[in-house]
Amino acid sequence: MAAAELLLTGVRVADLGDAVGEAAARLLADLGAETLKIEPPEGARTRNDEPVIGGHSLPYSVRNANKSALAADLSTPEGRAGAQALVADADIVFLSPATADAIVLEKIRETSPGLVAVISSPFGLTGPRRDWQATGRTLLALSGAMSRSGRPGAPPLVPPEQLATATATAHAAWLALVAYTQRMRTGWGQTIDLSHHEAVVTGLDPAFGVQGSAAAGRSGKFRRGRPPADSYPIYRCADGFVRLCLLSKRQWRGMFGWLGEPAEFADPAYDSITARVAAADRLELLIEAHFADRTAAELVDEAATRGVPLAQVLSLGEALAADHFTKAGTVARTEVAPGLTATVPVGYLASDGQLLGMRTPSPELPTRTASDSAWTRREEPAHQDLTPGTDGSPFAGLRVLDLGVIVFGAEAGRAFADLGADVIKVESRTYPDGLRQTRHGEAMNASFAWGNRGKRSLGLDLRTEEGKRLFIDLVRRSDVVLSNFKPGTLDSLGIGFATLTAANPGIIVLESSAFSADGPWAQRLGYGPLVRAACGVTSLWKYAAGDIASWDGVTVFPDHVAARLGALSVAAALLARSRDGRGRHLQMAQSDVVLHQLADLALLESLRPGSVDAVGNRGREVFGGIFACAGDDEWCVVEARTAEETAALRAVVGAGEWDLADAVAAWTAVRSPAEVGDELQRHRLPAAPMLRLPELLDDPQLAHRGTYTTLDHPLLGQTLPAEDPSAAYERLEVSGLGPAPLAGADTESICRELLGLDEHRLAGLLDRGVVFVP
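As numbered in my numbering, residues 308 to 1081 make up the sequence shown, in order.
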C-alpha cells in the first residue's frame, strides 16, 4: 500500500512502553504513523513474553509489526542521549514509568513542549494501588466483569484475559491521538497517565455506561451470585453448536414461523422477551428438537432468510479457517516476524477500500543505534484545517452526524460529544434506536442517558426524498457521518459514500457492521453475542475446555472497545484530512476487531493447531485461580507468573508440603477479598478482590484518580455516576456533560439554525412526517 493512502503519514511515534504501550503504538503504526521501537541492544524484555516459538515471542511479534527497531542502552549516558534526541523529535511517545524516568521526560519537555507522552502502567502513577502488580485476570476481577460472569449458583468465571489487555490498548491509542489532535489546535503537548485498570473499568463493559438493548432500563441493583445468561442461548446441532439471539418482535415472528407456528406460542404476548423467558423451559425444548438434526451451516443460512439472528459457535481455529474471513482479507498468511510465517488476523479497518493493517513483520534485534539514526524527513502539510487556538476541547467546532444505534452507535458518537464536538443523533420514528426501549414505558433509561449524553437529536425520515435532501444538505455543513448498519444500508437509502462525498468532498464516513463487508457473511444479522460466537470468544469463555456451556452472555463485548477503535479511526482520518483536505470512507467490522484483539492466540493456534482452548479459572500463568474468601459469595484472583513468585506465594500462605491450590484456598477462606489483595500485593504478588459493579464507586484507587463524575438528567430523577473523559489527561478541558435528548428534541432548532428553514417550510415538513419532534 502506498504511504499516501495511510491516515497518519508524517506522525512520529516512539515506543519505549510496556506491553500495552507496544500494542497501542502498533495500532498507530497500522494507521500509518512512522513508529520506532527503542529497546536495549539485547532486546526489550517483552521479546521474552511467552509463548516463544522458534526464538520468537508470539505476543511481541504481533505487538510490534509495522515498526523499526533502534538500540539504546538507557543505563549509559550515550544511550540515554540518543533516546532523548529521538523522543524530542517525536510527536507521540509511549513509555513505562521506568523508561520515563530513564530518559528524564521532564527535561525533554523543556525543548519539546508539543510532545504527547503516554506513561502506561497497571494502575497509574498515583493512588493507593500505584505499586500493585497486575495481570489481565486481576484487572478483570477489579473491573466488575468477573462478578457477573459464570453459571448462576456457581463460582464466578474469569473472562478471557486478552480482553483486558486489548481494552487497555485501544484506550491508550485513543488517548494519545486525542492529545495529538489537541496539540494541533493549541501547539501544546501533555503527559497522559494511563492506568490499565481504569481503561478496563470504563472501556470493556462499563458499570456506568451503555448496557445494550436487552439490559436497557434495568434498575441498577446487582445481586450476589451470577445473573442468568438466558438471553442468548446456545443449542446443539448435528455438527456442533449455534447461538440464537431473539430480541425484537420481528425476529421472534421469524422464529415462530420457522418452528411451524406452534399453537402454544401463538399468543401475541410472546412477542415480548419477558414472556418468552418465562416460558423458556417449553420453548427451548421445541428449538432444541428443531435444530438437533441439521448442520450449523444449514441452520445459519435458513435463519438469515427468515430474519432470525443465529451464528455457529466456532473455536478460534475454526474462525481463522472460515471462508468469510479469508475472502474478506481479515485473516491472511503473512510473515509476522523475520522467518516466522503464519495465518493471522492482519487488520480491522479499511480506508477507501484498502485494508490498513500488518504491512511489515516485527523487527529483528536492532543493529542500528539511536545515536546514529534519525526520523524520516517530513514535509509540512499542504492543507491545515485544525485551527490553532486555546480551546481545551480537542473536537470543538467538529460536527458529527450520528446514525448509530444500540451500544456501538451510542459509544462512537459519545467519544466525540464528550470532547467538544456537536454530535447530532439522526433518528427515525418508524425504526427507533433499540437502546431507547424501556421496561415500563419510561421516557428514558439510564443506559441511553449514559451513551447519548451531550448529543442533539434530529427526528428525520430518511426513507423520503425530502428527508434525504435535508440530510445531504446537513452533510455539507458537517465533518463526520457515523453508522453501524449492515453493509450497503446507506447506499440503499440513497446516502452512500459516493453521494455524500459529492456533496462534501471533505466528509469522513465510518460504516461499521457485525461482519466484514466483503465476505459471504456480510449480510448476516449481527449482535455482539453472535460476533463472539463466530470469532472464537464464546468457546474460550468456559470453566473448562470440554464444557458445552459458555458464559459470555451477560457481558457487552466487543461493542464498547470496537466503538473506541472506530472513534480512533475517525480521529486519524480527520488528521489526514488536515493534510490534504480529502474525506475518507472508513469501514470496520466488529468481527475483525475481535480477531485482531486475539492476535497472539491466533498466531499460536496457527503454528500449533488445536492448542488454544478455554483455560477457565486456572489461567495461563505458572499458577492461578479464583478462591473463595470470608463472606457471602466473596472471591479473589491469585496468580503467580514465575517460579520465584510461586515460591513467594507458598511462603506467604504457609503451604509447606501442601498442594499450593489447597493452601491458598485455606488461607483466603478466613480473609476478606480486600485483605487477600492487600497482603499478597505487599509481597509483590498479583492478586485482587472481585468487585461488584456498585462497589466501583467506593473503590479507593478509582476515587483517588477521579475516574467518575456525575451526570444529571431531568427525566431520570436521579444523578448518575459517569466516566470522566478528562481523567487521564494532564491538560484537557471539557464542558459539563449535557443530558441525552428525547427523540427529535432538537429538530426545530437544527432545521432553523443549520438548514436555514423558515417557519412555513418547517411546519410543512412536520405535517408530512419528514421531520418530527417529541
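Ideal placement from N, C-alpha and C gives every residue a C-beta, glycine not left out.
Entirely within the region 835-913 and at least 3 residues each: give me those beta strand (DSSP E) ranges in chain order. 891-896
For TYR738, name the three-state secondary structure that DSSP assigns. If you number the sequence shown from 1, residue 738 lands on position 431. In this structure, TYR738 counts as coil in the three-state DSSP scheme.
Helix, strand or coil: which one does DSSP assign to PRO1067? The residue you call residue 1067 lines up with position 760 of the sequence shown. Note that residue 1067 is His in the sequence shown, not Pro. Of the three classes helix, strand and coil, the one that applies to HIS1067 here is helix, per DSSP.
Using 8 Å as the threshold, is the region 540-547 in touch with the region 586-605, meaning 3 or more CB pairs across them? yes
Does the separation of the CB atoms of ASN811 and ARG783 fall below 8 Å? Reading the sequence shown from its first residue, position 504 is the one you call residue 811. Reading the sequence shown from its first residue, position 476 is the one you call residue 783. Taking 8 Å as the Cβ cut-off, ASN811 and ARG783 qualify as a contacting pair.
Beta-carbon within less than 8 Å of VAL1011's beta-carbon, same chain only, minus the 5 sequence neighbours each way: which residues are those? Position 704 of the sequence shown, counting from 1, holds the residue named residue 1011. This sequence places His at residue 1011; Val is not what is there. THR433, GLY434 and PRO435.
Which listed residue (LEU335, ALA321, ASP325 and PRO652) has its alpha carbon closest to that of ILE345: The residue labelled residue 345 in the question sits at position 38 within the sequence shown. The option with the nearest alpha carbon to ILE345 is ALA321.
As a quick exercise: from THR949, ARG989 and ASP899, pick the residue whose alpha carbon is nearest that of ALA639. Here residue 639 corresponds to residue number 332 of the sequence shown, with the count starting at 1. Nearest option by C-alpha distance: ASP899.
Taking the straight line between their C-alpha atoms, what separation do you get for ALA331 and ALA596? Looking up residue 331 in the sequence shown gives position 24. Looking up residue 596 in the sequence shown gives position 289. About 47 Å.
Given ALA618, which residues of its chain have a CB within under 7 Å of its CB, disregarding the five upstream and five downstream residues? The residue you call residue 618 lines up with position 311 of the sequence shown. Once the five neighbours on either side are set aside, the close Cβ partners of ALA618 are VAL549, ARG550, VAL607, LEU837, ALA840 and ALA841.
Who does HIS1088 pair with in a DSSP beta bridge? Residue 1088 is absent from the structure shown; the chain starts at 308 and stops at 1081.
Opening and closing residue of the beta strand (DSSP E) in which TYR655 lies: Taking the first residue of the sequence shown as 1, we reach residue 655 at position 348. Note, TYR655: beta strand (DSSP E), 654-658.
Let me know if TRP481 comes out buried or exposed under the rule of 16 or more other beta-carbons within 10 Å of its beta-carbon. The sequence position of residue 481 within the sequence shown is 174, counting from 1. Buried, since its Cβ has 16 or more Cβ neighbours within 10 Å.
Closest by CA to ALA610, which one among THR383, PRO865, TRP828 and ALA336? Here residue 610 refers to the residue found at position 303 when the sequence shown is read from its first residue. Comparing Cα-Cα distances from ALA610 to each of THR383, PRO865, TRP828 and ALA336, the minimum goes to TRP828.
Contact between the region 925-939 and the region 948-958 is defined here as three or more beta-carbon pairs at a separation below 8 Å; is this criterion met? yes
Using beta-carbon positions only, say whether ALA570 and ASN759 come within less than 8 Å of one another. Position 263 of the sequence shown holds residue 570. Position 452 of the sequence shown holds residue 759. Not closer than 8 Å, so no.
Alpha helix (DSSP H) segment containing TRP559, residue limits: Here residue 559 refers to the residue found at position 252 when the sequence shown is read from its first residue. TRP559 -> alpha helix (DSSP H) spans 556-565.
Measuring alpha carbon to alpha carbon, tell me which residue in LEU377, ARG354, LYS374 and ALA376 is nearest PRO366. What you label residue 366 is simply residue 59 of the sequence shown in a count that begins at 1. The shortest Cα separation from PRO366 among LEU377, ARG354, LYS374 and ALA376 belongs to ARG354.
Rounded to a whole number of angstroms, what is the C-alpha to C-alpha distance between GLY494 and ALA851? Taking the sequence shown and counting its residues from 1, the one referred to as residue 494 is at position 187. Taking the sequence shown and counting its residues from 1, the one referred to as residue 851 is at position 544. If I take the Cα positions, the gap works out to 53 Å.
Note down, one range per segment and in chain order, each alpha helix (DSSP H) of at least 4 residues found wholly within the region 983-1048. 1007-1012
As assigned by DSSP and simplified to three states, the class of ILE541: Counted from its first residue, the sequence shown places residue 541 at position 234. Strand, per DSSP.
Here's the rule I'm using: 16 or more other beta-carbon atoms within 10 Å means buried, otherwise exposed. How should GLY1063 be labelled? For the purposes of this step, residue 1063 is taken as the residue at position 756 of the sequence shown. So GLY1063 ends up on the exposed side.
Close-in-space but distant-in-sequence residues of the same chain around LEU314 (CB under 8 Å, 5 per side omitted): The sequence position of residue 314 within the sequence shown is 7, counting from 1. Hits under 8 Å: LEU338, GLY339, SER658, LEU663, SER876, ALA879, ALA880, LEU882, ALA883 and ARG891.
By the 10 Å Cβ neighbour count, where 16 or more other Cβ atoms means buried, how is ALA869 classified, buried or exposed? For the purposes of this step, residue 869 is taken as the residue at position 562 of the sequence shown. The residue is buried, with at least 16 neighbouring Cβ atoms inside 10 Å.
Buried or exposed for SER1056, please, with buried defined as at least 16 other CB atoms from any protein chain shown within 10 angstroms of its CB. Position 749 of the sequence shown, counting from 1, holds the residue named residue 1056. Burial call: exposed.
Spatial neighbours of THR683 within its chain, please: C-beta separation below 7 Å, excluding the five flanking residues on both sides. Along the sequence shown, one-based indexing puts residue 683 at 376. Counting only Cβ-Cβ distances below 7 Å, and skipping sequence neighbours, we find GLU341.
With respect to the alpha helix (DSSP H) encompassing ASP588, which residues constitute its N-terminal and C-terminal limits? In the sequence shown, residue 588 corresponds to position 281, counting from 1. ASP588 -> alpha helix (DSSP H) spans 587-598.
Terminal residues of the alpha helix (DSSP H) in which GLY510 lies: Indexing the sequence shown from 1 puts residue 510 at position 203. That run of the alpha helix (DSSP H) goes 503-510.
Counting C-beta neighbours from all protein chains within 10 Å, is the total for HIS990 16 or more, i.e. buried, or is it exposed? Against the sequence shown, residue 990 aligns to sequence position 683. Exposed: under 16 other Cβ atoms inside 10 Å.
Check the DSSP bridge columns for ARG706 and list the partner residues they point to. Working through the sequence shown from its first residue, we reach residue 706 at position 399. Partner(s): ASP729.
Out of LEU335, GLU329, GLY328 and ASP325, state which residue places its alpha-carbon closest to the alpha-carbon of LEU267. Here the chain has residues from 308 to 1081 only, and residue 267 is not among them.
Which same chain residues end up closer than 8 Å to VAL707 when comparing Cβ atoms and leaving out the 5 residues on each side of it in sequence? For the purposes of this step, residue 707 is taken as the residue at position 400 of the sequence shown. Result list for VAL707: GLY720, PHE723, ALA724, ALA728, ASP729, VAL730, ILE731, SER785, ASP786, VAL787, VAL788 and LEU789, in chain order.
With distances taken between CB atoms, is the gap from ALA376 to PRO668 smaller than 8 Å? The residue you call residue 376 lines up with position 69 of the sequence shown. The residue you call residue 668 lines up with position 361 of the sequence shown. Taking 8 Å as the Cβ cut-off, ALA376 and PRO668 do not qualify as a contacting pair.
Coil, strand or helix - LEU314 by DSSP: Within the sequence shown, numbered from 1, the residue matching residue 314 stands at position 7. Correct three-state label for LEU314: coil.
Which residues DSSP lists as bridging THR650, in chain order: Position 343 of the sequence shown, counting from 1, holds the residue named residue 650. According to DSSP, which records beta bridges pairwise, THR650 is partnered with ARG640.
Quick check: the Cα distance between LEU1039 and PHE715, rounded to an integer number of angstroms? Residue 1039 sits at position 732 when you count from the first residue of the sequence shown. Residue 715 sits at position 408 when you count from the first residue of the sequence shown. Computed Cα separation, rounded: 25 Å.
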